[in-house]
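Heads up, the sequence shown is in my numbering, so the first residue is -11 and it goes up one at a time.
Beta carbons are placed, not taken as given, at the ideal position from N, Cα and C, and that holds for glycine.
All remarks here apply to the structure that follows.
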Amino acid sequence: MTSLPSQPSPKKLGLVIDLDVCVGCHACVVSCKEWNTGGYGAALSDQDPYGPDVSGTFLNRIHSFEVTPEGGEVVGEAGAARLIHFPKSCLHCEDAPCVTVCPTGASYKRTDDGIVLVDEDMCIGCGLCAWACPYGAREMDLAAGVMKKCTLCIDRIYNETIPEMDRVPSCVRTCPTNARHFGDLADPGSAVSIMVAERGGMDLMPEQGTRPVNKYLPPRPRKPLAAKAVPAAEDTRGATGFFAWVDDMLDRI
């Protein structure tokens, strides 16, 4: 079986996803599919893409849930229930079970930045890592016969031939609502670390003990629409002087 690095990596590169502003547009899903099909590794295949039983390999997926905040009403009734869009990909866990279960060493965690990758030349497609991942973040490419996963676009973030603003994962670069953020979560002064500290960033399924690097920012409480309503116009009947003249002019418009 494969071993994890003996010492924590000096960097913990990962994503911070703001569930408050994600609108579930799937732009990150499409961008991820396009970039990883033409970039690092082999193409992400699709099976019967135009048929009734389409399936394919996606390294990033979005799930949508109707939820009721604490103190809200029952889901499905009028009230506080709301729709949450939940993007999910590999979380690059510090204690990654997908790595330690791999029999060939194909799945490994980098020592310098903590990114979890798959060496496709060593992968035998046994699927053990997919069984071990509690988040369902591994994808078997049926055409290639190997396991694939989010790489944090390693071929972008270290590519000095592209503009610096593009040296982030493709999903981050394309998000239209700025719901996805990338950075070093080992640095308490980084923008992503400050964001997590200020918003109470959460681990996904912390009870699994995997210590995921990626964090989620919880949705902010919503105010009732009545609290945001514009106050009704005041009754101007009986106004005198200048205000009576303004009221009369507005009535003629």
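- Pro75 carries a strand assignment under DSSP once its states are collapsed to helix, strand and coil.
- Considering only Pro75, Val160, Met153, the residue with the shortest C-alpha distance to Leu140 is Val160.
- The C-alpha of Ile112 lies about 8 Å from the C-alpha of Thr92.
- Setting aside the 5 residues that flank it on each side, Leu116 is surrounded in the same chain by Val89, each with a C-beta closer than 6 Å to its C-beta; the list follows chain order.
- Excluding five sequence positions before and after Thr162, the CB atoms of its chain that fall closer than 7 Å to its own CB belong to Ala15, Cys16, Ser19, given in chain order.
- By the beta-carbon neighbour count (other beta carbons within 10 angstroms, threshold 16), Leu205 is buried.
- For the pair of segments examined, the stretch 167 to 180 was found to touch the stretch -1 to 14: the number of CB pairs separated by less than 8 Å reaches three.
- With respect to Ser95, Cys81 sits apart: the two C-beta atoms are not nearer than 7 Å.
- Remark: C-beta atoms of Val134 and Glu108 approach each other more closely than 7 Å.
- In this structure, Ile103 keeps its C-beta atom at 7 Å or more from the C-beta atom of His73.
- Beta-carbon to beta-carbon, Lys97 and Ala84 are separated by about 6 Å, close enough to satisfy the 8 Å threshold.
- By the C-beta density criterion, Asp36 is exposed, having fewer than 16 other C-beta atoms within 10 angstroms.
- Put simply, the backbone Cα of Cys138 is about 13 Å away from that of Asp129.
- Judged by DSSP in its simplified three-state form, Ile103 adopts coil rather than helix or strand.
- Your pair Pro122 and Thr198 checks out as a contact, with CB atoms roughly 7 Å apart and the cut at 8 Å.
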